[in-house]
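Enquirer:
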Amino acid sequence: MSEPMISDHSEVDNDHENETPETDQDDIDLLGEYEDDTEEIELLHLRIKDLSSLDFARFQNLKKLCFRQNLITKIEGFETMTNLEDLDLYDNRISYIENLEMLKNLTSLDLSYNKIKVIENLDELTCLKNLYFVQNKITIIQNLDSLVNLFNLELGGNRIRVIENLDMLVNLEQLWLGKNKITELQNMENLRNLKILSIQSNRLTQIKGLEGLINLEEIYLSHNGINELEGFENNMKLRVIDISNNNIKKIENIGHLENLEEFWASNNSISDFEELSSQLSHLKMLTTVYFEGNPLQKEQQSLYRLKVKTYLPQLIQIDATYIRSDITGETVLK
Numbered sequence: 411m412s413e414p415m416i417s418d419h420s421e422v423d424n425d426h427e428n429e430t431p432e433t434d435q436d437d438i439d440l441l442g443e444y445e446d447d448t449e450e451i452e453l454l455h456l457r458i459k460d461l462s463s464l465d466f467a468r469f470q471n472l473k474k475l476c477f478r479q480n481l482i483t484k485i486e487g488f489e490t491m492t493n494l495e496d497l498d499l500y501d502n503r504i505s506y507i508e509n510l511e512m513l514k515n516l517t518s519l520d521l522s523y524n525k526i527k528v529i530e531n532l533d534e535l536t537c538l539k540n541l542y543f544v545q546n547k548i549t550i551i552q553n554l555d556s557l558v559n560l561f562n563l564e565l566g567g568n569r570i571r572v573i574e575n576l577d578m579l580v581n582l583e584q585l586w587l588g589k590n591k592i593t594e595l596q597n598m599e600n601l602r603n604l605k606i607l608s609i610q611s612n613r614l615t616q617i618k619g620l621e622g623l624i625n626l627e628e629i630y631l632s633h634n635g636i637n638e639l640e641g642f643e644n645n646m647k648l649r650v651i652d653i654s655n656n657n658i659k660k661i662e663n664i665g666h667l668e669n670l671e672e673f674w675a676s677n678n679s680i681s682d683f684e685e686l687s688s689q690l691s692h693l694k695m696l697t698t699v700y701f702e703g704n705p706l707q708k709e710q711q712s713l714y715r716l717k718v719k720t721y722l723p724q725l726i727q728i729d730a731t732y733i734r735s736d737i738t739g740e741t742v743l744k
């Protein structure tokens, strides 16, 4: 397993000039090849700047429209697309959210890698399930109250300092907040259906505020300033904890998490092998641990994996190394 990413939207070649066709959209009928009854149109990496020059009126059955990696500066021209379900404007030059109120059947909207500063004008899009704002200039989470059907919200790579205004998103199952400026886990009491919380690369120093997240299954907290492993008392469904690259000195307060499958704790200050026994040895579902970069690995490199396996015989993976048993039943590290 590779190290978990902030989201699937986090990596992109954002250089519009690289291998981009030097074409003028006014000289080309970009929609000419599509039949009137088409349900999906993709116009990728074509240096499109102006959507108003494109006539979508004949596409009454259109459900998916993708304009990834263009030069679009304004959202417009979608008034007739009342059946549209998926609109992808990833990696453009859009500064404002506007002219979307007619798209009442929209279930997915991707505005990642743009220049948006304010979340606004989404009130009519009550069918939205997936909303992506990765890598914009957003400072405040706001104006989402009407999106009660939202399943997945991605806000990684912005300028957010406070988790707030999420009370109405009672159906939310995935919340991605990596690479922001958040200092505290708070205001998530109503997110009782949340299963995945990613808040990597922020400014957290404590794990708290998770009491209401009773259905949480995965939490990603790497690259913060967290000092203690705590705050998981009510999160009995947790399967994955990533606490890598923090200041953790002790494995504690997770021995009750009977569903835990993966525990990522690389690059901390953990030194005591006995804590593996007391906190993790009885967790039958646990298959993967990462402890590389801790004193218990760096100070005993030749014995490290063997000792971890001795304390945690249920494992199938230690760091990037899979474990198998030979025909005699002896443990072999691959």
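Heads up: the sequence shown begins at 411 in the working numbering, then just goes up one per residue.
Ideal placement from N, C-alpha and C gives every residue a C-beta, glycine not left out.
These figures come from a predicted structure and were not determined experimentally.
Going by the CB atoms, is the gap between ASN509 and LEU481 shorter than 8 Å?
Expert: Position 71 of the sequence shown, counted from the start, is the residue given in the question as residue 481. Position 99 of the sequence shown, counted from the start, is the residue given in the question as residue 509. No, these two residues do not count as a Cβ contact at 8 Å.
Enquirer: Using a 10 Å radius around the Cβ and a threshold of 16 neighbouring Cβ atoms, would you call ILE416 buried or exposed?
Expert: Sequence index remark: in the sequence shown, residue 416 carries index 6 (1-based). Model confidence at ILE416 stands at a pLDDT of 48, short of 50, so the residue's coordinates are unreliable; what they give is reported in the following sentence. Result: buried.
Enquirer: Would you say ASN669 and LYS647 are within 8 Å of each other, going by their C-beta atoms?
Expert: The residue you call residue 669 lines up with position 259 of the sequence shown. The residue you call residue 647 lines up with position 237 of the sequence shown. Yes, they are a contact pair.
Enquirer: Report all residues from its chain with a CB closer than 6 Å to the CB of GLY584; omit the five preceding and five following residues, and keep chain order.
Expert: By 1-based counting over the sequence shown, the position of residue 584 is 174. With the sequence shown as reference, residue 584 is identified as Gln, and Gly is not the correct amino acid for it. ASN562 and ILE606.
Enquirer: Given the structure, does ASN656 come close to the ligand ADP, in the sense that its CB is under 7 Å from one of the ligand's heavy atoms?
Expert: Inclusion of the ligand ADP in the displayed structure is not the case, the ligand content being empty and no account of it being possible.
Enquirer: Expressed to the nearest angstrom, what Euclidean distance is found between the alpha-carbon atoms of THR448 and ASN493?
Expert: As a first step, residue 448 must be located in the sequence shown, where it is residue number 38. As a first step, residue 493 must be located in the sequence shown, where it is residue number 83. Approximately 12 Å, taken between the alpha carbons.
Enquirer: According to DSSP, what are the bridge partners of SER611?
Expert: The residue you call residue 611 lines up with position 201 of the sequence shown. According to DSSP, SER611 bridges with nothing at all.
Enquirer: What residues are listed by DSSP as bridge partners for GLN584?
Expert: Translated into positions along the sequence shown, residue 584 becomes position 174. Note: GLN584 is bridge-paired with ASN562 and ILE606 in the DSSP secondary-structure output.
Enquirer: CA-CA distance, GLU685 and ARG571?
Expert: For the purposes of this step, residue 685 is taken as residue 275 along the sequence shown, with counting starting at 1. For the purposes of this step, residue 571 is taken as residue 161 along the sequence shown, with counting starting at 1. Distance between the alpha carbons of GLU685 and ARG571 is about 34 Å.
Enquirer: Can you give me the start and stop residues for the beta strand (DSSP E) that LEU696 sits inside?
Expert: Here residue 696 refers to the residue found at position 286 when the sequence shown is read from its first residue. LEU696 -> no beta strand (DSSP E), and no H or E assigned at all.
Enquirer: By the three-class DSSP mapping on this structure, what secondary structure does THR490 have?
Expert: For this step, residue 490 is matched to residue 80 along the sequence shown. Coil, per DSSP.
Enquirer: By DSSP, does LEU713 sit in helix, in strand, or in coil?
Expert: Taking the first residue of the sequence shown as 1, we reach residue 713 at position 303. Three-state result, LEU713: coil.
Enquirer: Quick check on SER654: does DSSP put it in helix, strand or coil?
Expert: Looking up residue 654 in the sequence shown gives position 244. Coil.
Enquirer: Assuming PHE701 contacts SER676 under a Cβ cut-off of 8 Å, what Cβ separation, rounded to an integer in Å, is found between them?
Expert: As a working mapping, residue 701 is identified with position 291 in the sequence shown. As a working mapping, residue 676 is identified with position 266 in the sequence shown. Going by Cβ atoms, the distance from PHE701 to SER676 rounds to 7 Å, so yes, they are a contact pair.
Enquirer: With a 10 Å radius around its C-beta and 16 neighbouring C-beta atoms as the bar for buried, classify SER611 as buried or exposed.
Expert: By 1-based counting over the sequence shown, the position of residue 611 is 201. Buried.
Enquirer: Tell me which same chain residues have a C-beta within less than 7 Å of the C-beta of THR490, skipping the five on either side of it?
Expert: Against the sequence shown, residue 490 aligns to sequence position 80. So the list reads PHE466 and ALA467, once near-sequence residues are dropped.
Enquirer: For LEU686, name the three-state secondary structure that DSSP assigns.
Expert: Residue numbering aside, residue 686 sits at position 276 when the sequence shown is read from its first letter. It is helical.
Enquirer: If you run the structure through DSSP and keep just helix, strand and coil, what is TYR732?
Expert: Counting from 1 along the sequence shown, the entry for residue 732 is found at position 322. In the three-state DSSP reduction, TYR732 falls in the strand class (E or B).
Enquirer: Would you mind sorting VAL718 into buried or exposed? The rule is 16 or more other CB atoms within 10 Å of its CB.
Expert: Position 308 of the sequence shown, counting from 1, holds the residue named residue 718. It counts as buried.
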